[in-house]
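For reference, the structure discussed in these notes is given below.
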Amino acid sequence: MTIKYFFIFLFVLTFNTINAQDTTQVTTKKVVLTEKVGGIDFKTKTITAEILSDSTQTLLDNQIAEAFEEKWKEELYSNTLFDTIYRDVTGLKYEAVYYPELPTDTLKARLQRLQARTPFNVEYNAELESVIKNFLKNRHQSLERLMGLSTYYFPMFEREFDNLDIPLEMKYLAIVESALKPKAKSRVGATGLWQFMYATGKQYGLDVSSYVDERSDPIKSTTTAGVYLSRLYDIFGDWDLALAAYNSGPGNVLKAIRRSGGYKNYWNLRPFLPRETAGYVPAFLATMYIFEYAEEHGFIKHKPKYRHIETDTIHIKRTISFDQISEVTGVDIEEIQYLNPTYKLDIIPFVKNKNYTLTLPKENMAIFVANEEQIYAYVKEEEDKREKPLPQLVQSENKIRYKVRAGDYLGKIARKYNVRISQLKQWNGLRNNNISIGQRLTIYTRNIPSKTTVASSNSTEKSSKTSSGKIYTVKSGDSLWSISQKFPGVSVENIQKWNNISGTKLKLGMKLKVSKS
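Note that UniProt numbering gives residue 358 to position 358 of the sequence shown, counting from 1, and the numbers run on in steps of one.
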């Protein structure tokens with residue numbers, strides 16, 4: 001099912017659910033959520049809760065919602081858009097494109113209006129028309145997806161560029177550079193939203209180490225890109241040429257000026273520039289036009305999981321892994337990775353005189369801050385009891401080889417085999433989260449439940465009243481970690497094993513075994 005039709009289906013489902021409420025008892029009330037953990041009030045949040053009938057609650061929390069989550073995660077970790085844009089920019093053709101929905105006269109008028117409000121040279125020419133129509137005809141779906149992601153990133157970009165007096169339209173450069181993938185990596189090693197090479201990033205003060213790569217930090221890399229672009233503008237006095245120099249280096253632009261006989265208009269220099277740079281500025285201008293006139297062309301901006309203003313950031317006080325953050329907050333690891341792309345190994349290090357930060361959705365950050373002391377104590381306890389032998393020596397009898405399929409990403413594979421993403425990366429020597437179709441991964445696991453085992457377990461869970469183990473009903477604000485704290489001697493891993501679940505996602509009302517049957 002395509003993304004477009006998936007959203008239509010989701011809308012119909014929501015509409016039917018709303019219309020069904022005339023037969024459902026709905027009560028609205030404010031609820032303050034607190035829990036006792038080790039004699040301390042575990043504060044969560046105040047919410048306005050709608051208490052629905054069981055049938056409606058089941059309808060709202062169904063497989064469609066889970067499918068939406070999977071679509072979102074695939075969106076975050078797929079490199080398809082980045083690869084497509086890179087191919088399009090380097091291989092642009094300027095042949096006439098039949099696209100009757102955009103008459104030439106209409107395009108000329110719109111470009112003229114755009115030219116009046118931006119310092120870039122977007123004056124009409126046949127080559128730019130060819131690129132715009134090509135994108136509209138062949139990249140409608142991918143551009144629509146990028147528009148959804150842009151609602152998270154663009155406010156950050158605009159704030160940083162405004163501080164540096166950079167044209168706000170420069171935000172569209174990140175689409176051409178990286179398809180808004182903060183961990184995007186080119187074939188020559190350029191990394192991040194703004195595609196900095198290692199040497200350039202270090203030169204401009206971006207920290208790159210075994211744990212951290214600030215080229216992937218949305219805010220720091222944007223500030224650096226702005227400073228670099230300002231310097232290029234100071235050299236050339238023209239934003240189009242600054243863009244060309246950003247892509248190929250100021251030396252290549254200066255050579256093109258000499259070879260052209262002294263021309264300084266980008267379109268006159270284009271035949272003398274490297275092939276990739278020759279398509280770079282037209283791709284940027286075409287992207288700018290399409291985003292500025294998205295409504296006129298019928299684009300629908302799919303809402304992202306988060307907006308920047310819905311997140312919060314704190315400085316961490318000790319080394320902590322994404323696995324541990326996920327366990328104590330209930331936020332999926334993929335979402336933590338998305339909001340914290342700076343960290344290469346899914347670990348936030350604590351280093352003296354360095355300020356490393358954690359970003360989470362605001363409501364989850366409130367829970368983290370309210371229980372910070374207990375969380376760090378839990379992290380220390382985890383470190384103290386961690387076994388040191390190599391997993392190959394301990395679990396060699398359970399070694400399997402997994403072939404990566406289309407739609408796979410590390411979080412999905414980790415949940416399937418009930419292991420951690422950090423373990424997958426360690427076992428396979430992965431420096432980041434990128435995997436490719438057909439790649440073979442080594443996985444060590446003590447117990448891979450078969451479908452029969454899972455079905456049997458689920459059956460046992462449903463008839464839990466006859467089980468000799470304790471049963472806990474999941475409440476609002478619960479996470480695996482907070483539940484484990486209620487029962488001495490019970491760990492997060494215990495709860496996952498006894499209930500045959502992987503990952504950290506819990507559902508309201510879910511029944512969990514919290515002791516061994």
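The beta carbon of each residue, even a glycine, is placed where N, CA and C say it ideally should be.
Bridge partners - residue 343, DSSP secondary structure assignment: Partner(s): 212.
Contacting residues, own chain, Cβ-Cβ under 6 Å from residue 132 (five flanking each side not counted): Same-chain partners within the cutoff: 286, 289.
Three-state secondary structure (DSSP) of residue 445: Residue 445 falls in the coil class under three-state DSSP.
Inter-residue spacing [alpha-carbon to alpha-carbon] between residue 491 and residue 417: Taking the straight line joining both Cα atoms gives about 19 Å.
Minimum C-alpha distance to residue 299 - residue among 472, 108, 148: Closest by alpha carbon: 148.
C-alpha gap between residue 510 and residue 473, whole angstroms: Cα-Cα distance, rounded: 6 Å.
Pair within 8 Å by beta-carbon distance, residue 479 and residue 329: The criterion of a C-beta distance shorter than 8 Å is satisfied by residue 479 and residue 329.
Classification of residue 44 by the beta-carbon crowding that lies within 10 angstroms, buried from 16 upward: Only weak support exists for where residue 44 lies, its pLDDT of 41 falling under 50; the value from the coordinates is given anyway. Residue 44 should be labelled buried.
Which of helix, strand or coil DSSP assigns to residue 302: It is coil, neither helix nor strand.
Neighbourhood of residue 168 by C-beta, 6 Å cutoff - its chain only, sequence neighbours within 5 removed: Cβ contact annotation for residue 168 (same chain, cutoff 6 Å, sequence separation greater than five): 158, 161, in chain order.
Helix, strand or coil at residue 321 according to DSSP, with G and I counted as helix: In this structure, residue 321 counts as strand in the three-state DSSP scheme.
Outcome for residue 334 when other beta-carbon atoms lying within 10 angstroms are tallied against a minimum of 16: Buried is the call here.
Neighbourhood of residue 326 by C-beta distance below 7 Å, restricted to the same chain and skipping five residues each side: Same-chain partners within the cutoff: 332, 333, 336, 504.
Local conformation of residue 397 per DSSP, three classes: In this predicted model, residue 397 has a pLDDT of only 49, less than 50, meaning its place in the structure is not dependable enough to derive any value.
Reduced DSSP category for residue 114 - H, G, I as helix; E, B as strand; rest coil: DSSP places residue 114 in helix when its eight states are reduced to three.
Inter-residue spacing [alpha-carbon to alpha-carbon] between residue 295 and residue 192: Taking the straight line joining both Cα atoms gives about 29 Å.
C-beta atoms of residue 342 and residue 234 nearer than 8 Å: No.
Extent of the continuous beta strand (DSSP E) run through residue 416: Here residue 416 belongs to no beta strand (DSSP E); instead the alpha helix (DSSP H) covers 410-417.
Separation of residue 243 from residue 232, as counted between CA atoms: Roughly 8 Å separates the two Cα atoms.
Distance CB(residue 284)-CB(residue 379) smaller than 8 Å: It is not a contact, given that the beta carbons lie outside the stated cut-off.
Among 210, 209, 225, nearest to residue 196 - alpha-carbon criterion: With respect to the C-alpha of residue 196, the residue from 210, 209, 225 having the closest C-alpha is 225.
Residue 171 beta carbon less than 8 Å from that of residue 216: No, they are not a contact pair.
Three-pair Cβ contact test at 8 Å for the region 355-363 versus the region 431-447: Result no; under three Cβ-Cβ pairs closer than 8 Å.
Nearest-angstrom Cα separation, counted from residue 483 out to residue 470: Taking C-alpha positions only, residue 470 is separated from residue 483 by approximately 12 Å.
Helix, strand or coil at residue 167 according to DSSP, with G and I counted as helix: If DSSP states are grouped into helix, strand and coil, residue 167 belongs with coil.
Classification of residue 51 by the beta-carbon crowding that lies within 10 angstroms, buried from 16 upward: Here residue 51 scores only 35 on pLDDT, less than 50, and its place in the model should not be relied on; the value that follows carries that caveat. Burial state of residue 51 is exposed, judged by a 10 Å Cβ sphere holding fewer than 16 other Cβ atoms.
Delimiting residues of the alpha helix (DSSP H) encompassing residue 362: 362-370 is the extent of the alpha helix (DSSP H) around residue 362.
Burial state of residue 166 (16 or more Cβ within 10 Å): Residue 166 sits buried, since 16 or more C-beta atoms from the chains shown fall within 10 Å of its C-beta.
Buried or exposed (CB count within 10 angstroms, at least 16 for buried), residue 351: Residue 351 is exposed by the Cβ-count criterion.
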